[in-house]
Amino acid sequence: MDVFFLILKNIMLPIFIAVGLGIVVQKKMQLDLRTLSKLNTYFLLPAVCFTNLYERDLSFQLFIQILGFLLLLTTVLIILSTFISKLFKFETKLSASYKNSTVLTNAGNFGIPMSELVFKHDPIGIAIAIIISAYQNIVTFTYGMFTSVSSERVKRKMIKELLTQPIIYSIGLAVLLKALPIRIPQPIWEPIQNISDAFLAIALLTLGAQLANLSFKGISKALYISIVSRLILSPAVAFLLLSVLQIKGVTAEALFIASAYPTSRNSAILALEYNNHPEFAAQAVLLTTMVSCITVTLVVYISSYLF
3 MDVFFLILKN IMLPIFIAVG LGIVVQKKMQ LDLRTLSKLN TYFLLPAVCF
53 TNLYERDLSF QLFIQILGFL LLLTTVLIIL STFISKLFKF ETKLSASYKN
103 STVLTNAGNF GIPMSELVFK HDPIGIAIAI IISAYQNIVT FTYGMFTSVS
153 SERVKRKMIK ELLTQPIIYS IGLAVLLKAL PIRIPQPIWE PIQNISDAFL
203 AIALLTLGAQ LANLSFKGIS KALYISIVSR LILSPAVAFL LLSVLQIKGV
253 TAEALFIASA YPTSRNSAIL ALEYNNHPEF AAQAVLLTTM VSCITVTLVV
303 YISSYLF
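With the first letter of the sequence shown counted as 1, position 271 gets the number 273 in our numbering; the numbers rise by one all the way through.
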């Protein structure tokens, strides 16, 4: 249990202190969340992705292994969440929000800062977290949108959203420069690195500011199911897949921990945009983030012994 409390103190506590400060700042100052979100998505996140992948040696074989696992995990979660929504007879709009709350994870504002603390002595773990963040962006603007509503208009919007995601281009550029290889001059590299270093603090501040505007109105049966699906069912499925695929070491640890991330705020944004029980979706984000303080700590603790 000593290890559990060390993880709670050294990893989770710093994260939730920063998130808590973000809540306080938002309550006092009413920051512009749209600007904060764009700052993270279009400025800081691409920089942290670029610097970490440019500096790391990530083999093509490892990349394929990670991608294969993520595709399998997403597929299984889609199947299970569809079955569960039918089992509990969720109506169509609630079913869409529930499935997104299970499949879409906060791999950016929560996942990358978490990985920077867990894997600060093993950079490959951070690189894997970045790949997962990019993958989750793609899942959000494909499966997430189609689950919310299926129409030609959404298909066109999906393509537009994907093409405007800078994280995809930053990863592609990092891979290209490493493959050629091209050395980035110090006067250019230094500001990129400085921007990257700012991501951890700003991402957690943004997460706290976003949570500050979410309200808690009691836990419905659907919310209980959403919390269990995202924080317990997903890691359980991930563990089984890692065992079957025989993925081990830091790769397995990073993938297992990522499977336990709380629900992405994008699921709430999609629910609001398409009127799919936005209150439920927002509360799923809030509650999974709060409960993840314990569940993610447990997953990090378990992964340190399993892998």
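No residue lacks a Cβ here, since even glycine has one placed at the ideal position from N, Cα and C.
Inset, instruction - Name the two residues that bound the continuous alpha helix (DSSP H) containing Val-50. - result: The continuous alpha helix (DSSP H) containing Val-50 extends over residues 47-57.
Inset, instruction - Can you tell me the Cβ-Cβ gap for Leu-257 and Ile-68, rounded? I've got them flagged as a contact below 8 angstroms. - result: For Leu-257 against Ile-68, the beta-carbon gap comes to about 7 angstroms, under 8 angstroms, which counts as contact.
Legend entry - Residues near Val-120 in its chain [Cβ-Cβ closer than 7 angstroms; skip 5 each side]: Taking C-beta separations shorter than 7 angstroms and ignoring five residues to either side along the sequence, the partners of Val-120 in its chain run Ile-13, Gly-127, Ile-259, Val-302, following chain order.
Inset, instruction - Buried or exposed for Val-298, please, with buried defined as at least 16 other CB atoms from any protein chain shown within 10 angstroms of its CB. - result: With 16 or more other CB atoms across the displayed protein chains lying within 10 angstroms of its CB, Val-298 is buried.
Legend entry - C-alpha distance - Met-160 paired with Phe-62, whole-angstrom precision: Taking the straight line joining both Cα atoms gives about 28 angstroms.
Inset, instruction - Apply the 10 Å Cβ neighbour rule to Tyr-56 and answer buried if 16 or more other Cβ atoms are within range, or exposed otherwise. - result: Looking at its Cβ environment, which holds 16 or more other Cβ atoms inside 10 Å, Tyr-56 is buried.
Legend entry - Inter-residue Cα distance where the pair is Glu-163 and Ile-170: Taken atom to atom, the span from the alpha-carbon of Glu-163 to that of Ile-170 is near 11 angstroms.
Inset, instruction - Ignore the nearest five residues each way along the sequence and tell me which others in Leu-207's own chain have a CB closer than 6 angstroms to its CB. - result: Once the five neighbours on either side are set aside, the close Cβ partners of Leu-207 are Gly-24.
Legend entry - Tyr-171 in three-state terms, based on DSSP: Correct three-state label for Tyr-171: helix.
Inset, instruction - Mind reading off the beta-carbon distance from Ala-205 to Asn-111? Whole number of angstroms is fine, and I expect it under 8 angstroms. - result: 4 angstroms between Cβ atoms; contact.
Inset, instruction - For Glu-275, count neighbouring C-beta atoms within 10 Å of its own C-beta (all shown protein chains included) and say buried if the count is 16 or more, exposed if not. - result: Label assigned to Glu-275: exposed.
Legend entry - Assigned secondary structure, Thr-107 (DSSP; H/G/I helix, E/B strand, else coil): Reduced to three states, the DSSP call for Thr-107 is strand.
Inset, instruction - Go ahead and pull the three-state DSSP assignment for Thr-166. - result: Coil at Thr-166, not helix or strand.
Inset, instruction - Pick out the complete alpha helix (DSSP H) segments inside the stretch 186-210, 4 residues or longer, and give them in chain order. - result: Runs of the alpha helix (DSSP H) inside the stretch 186-210: 188-199.
Legend entry - Classification of Glu-154 by the beta-carbon crowding that lies within 10 angstroms, buried from 16 upward: Unreliable placement is indicated for Glu-154, whose pLDDT of 48 sits below 50; no coordinate value is reported for it.
Legend entry - Entirely enclosed alpha helix (DSSP H) segments - the stretch 80-131, minimum 4 residues: Within the stretch 80-131, complete alpha helix (DSSP H) segments of at least 4 residues are found at 94-105, 114-120, given in chain order.
Legend entry - Inter-residue Cα distance where the pair is Ser-172 and Ala-270: Answer to the nearest angstrom: the Cα atoms are 26 angstroms apart.
Legend entry - Own chain, CB closer than 6 angstroms to Ala-254, minus 5 neighbours either side, in chain order: Take Ala-254, set aside five residues on each side of it, and the residues of its chain with a beta-carbon closer than 6 angstroms to its own are Leu-244, Phe-309, in chain order.
Inset, instruction - Specify, as a first and last residue, the run of the alpha helix (DSSP H) that Pro-280 falls within. - result: That run of the alpha helix (DSSP H) goes 280-308.
Inset, instruction - Measuring alpha carbon to alpha carbon, tell me which of Ser-305, Lys-223, Thr-291, Lys-250 ends up nearest Leu-89. - result: Of Ser-305, Lys-223, Thr-291, Lys-250, the residue nearest in Cα terms is Lys-223.
Legend entry - Cβ pair Leu-35, Gln-212 closer than 8 angstroms: Yes, the pair counts as a contact, with Cβ atoms nearer than the cut-off.
Legend entry - Through-space distance from Ala-273 to Leu-182, alpha-carbon basis: C-alpha separation (whole angstroms): 43 angstroms.
Inset, instruction - Answer yes if the stretch 228-238 comes into contact with the stretch 130-142, meaning at least three C-beta pairs across the two stretches below 8 angstroms, and no otherwise. - result: These segments do not touch.
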